[in-house]
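*Asks:* Chain order of the listed sequences is A and B.
Residues 52 to 269 (my numbering) make up the first sequence, in order.
Residues 66 to 166 (my numbering) make up the second sequence, in order.
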Amino acid sequence: MEQTSDLQTELTPDQELAYIRKIMADSRRAFAEDGKPYILWGALVAIGMTITYISALADHDFYTGYIWIGLVLIGYVNIFYYIRKKKKAETRVKSIIDRIQGAIWGACGGTIGLVIVVFMANSTVDRNWLSLLAPLLVCFIVSAILGIAYFLSGIVNDLKWLRNIGFAWWAASIVMFFWQSIHVLGLYALMMVLFQVVPGIVLNRKYRAEQSRDVLEA
Amino acid sequence: MTMRDFDYQQLDDLIHSRIRLAVLSVLVSVDEAEFTFLREQVHATDGNLSIHLKKLDDAGYISVTKQFVDKKPQTTYTLTRKGHEAFEDYVDRLEKMVRKP
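1. Is it right to say residue 232 of chain A is buried, meaning 16 or more other beta carbons lie within 10 angstroms of its own, or is it exposed?
2. Beta-carbon of residue 102 of chain B versus every beta-carbon of chain A: anything under 8 Å?
3. Is residue 93 of chain A near residue 119 of chain A, with beta carbons less than 8 Å apart?
4. Alpha carbon to alpha carbon, how far is residue 156 of chain A from residue 131 of chain B? Give it in angstroms, no decimals.
5. I'd like the list of long-range same chain contacts for residue 112 of chain A, defined as Cβ closer than 7 Å, with 5 residues on each side in sequence excluded.
6. For residue 90 of chain A, report the span of its alpha helix (DSSP H) as first-last.
7. Flag residue 159 of chain B as yes if its beta-carbon sits less than 8 Å from any beta-carbon of chain A, otherwise no.
8. Please state whether the Cβ-Cβ distance between residue 229 of chain A and residue 148 of chain A is less than 8 Å.
9. Quick check on the DSSP output: the alpha helix (DSSP H) that includes residue 25 of chain B runs from which residue to which?
10. State whether the region 137-147 of chain B contacts the region 92-105 of chain B, with contact taken as three or more CB pairs (one from each stretch) at a distance under 8 Å.
11. Just to confirm, is the Cβ distance from residue 85 of chain A to residue 254 of chain A under 8 Å?
12. Just to confirm my understanding: we take residue 162 of chain A, look at its own chain, exclude 5 residues before and 5 after, and list those with CB closer than 7 Å. What are they?
13. Tell me the rounded alpha-carbon separation between residue 160 of chain B and residue 144 of chain A.
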């Protein structure tokens, strides 16, 4: 009799199926999101948007352009180190879930960056009708893209609440398009806190709880 | 219901071992996994796990890649098509056993 067969024979088929499901779920937990990029970008954009909103209300430019450049640089430097650290951990295990997750946020983040750069470049080169509408249009487009990212991310991670945040962003994008008010900037800052920073904190808490459970089990 | 009520002859002997079943369950969930990751998920000792991995490799259920990462040896395991099919068949049979009145 081989070394482990005695362990197996104690299980009935339904127990064995439950065992398989548990092992598969445990393995997938290794790819659970830690929420850090959500918190980072959510906080940075909320800060930038609040300053932009205050500037617009006060009709005074509080160096918003420089502040945005600084915030974006902080974001990219942190993300660079975050991805580098994650890549090192990835050498132990690779999964398609992780790659899809990276592709979703990479594609959506890249598109958001492209939209912002194009609108900023247009505003710098020529102050036409589009440049006047730029902040509001950017909020509308970026919200719609965030809706896609959250919806897909929720499906890939099998998290309904995360998927539903996609609906919240889509609803917000419709409001932002039709409202056409400077208060859209304030709404966007609020959305960033509620639907970017808060989900990040929830994911991070969940991730840390799973990690400590793994340590206890080991 | 006890294990005596089921005909385990229908099941693939190679998979019908807790550690090998656990290894395949892990590998079906990921693209590839390193030895230490498998050891953590399966809760087995190095020696015991190695023996079971060898059996799965010999049967063509998994493939092994040995390489150096940062000058350290690393062994990664991937589920082969044959292993995937065998695992699916094993799970199907278990489900049929459960459904059987």
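All residues carry an ideal CB built from backbone N, CA and C; glycine is no exception.
*Replies:* Reading it off the structure:
1. exposed
2. yes
3. no
4. 32 Å
5. Around residue 112 of chain A: 106.
6. 87-109
7. yes
8. no
9. Absent from the structure is residue 25 of chain B, since the part of chain B shown begins at 66 and ends at 166.
10. yes
11. Going by C-beta atoms, residue 85 of chain A is nearer than 8 Å to residue 254 of chain A.
12. 196
13. 29 Å
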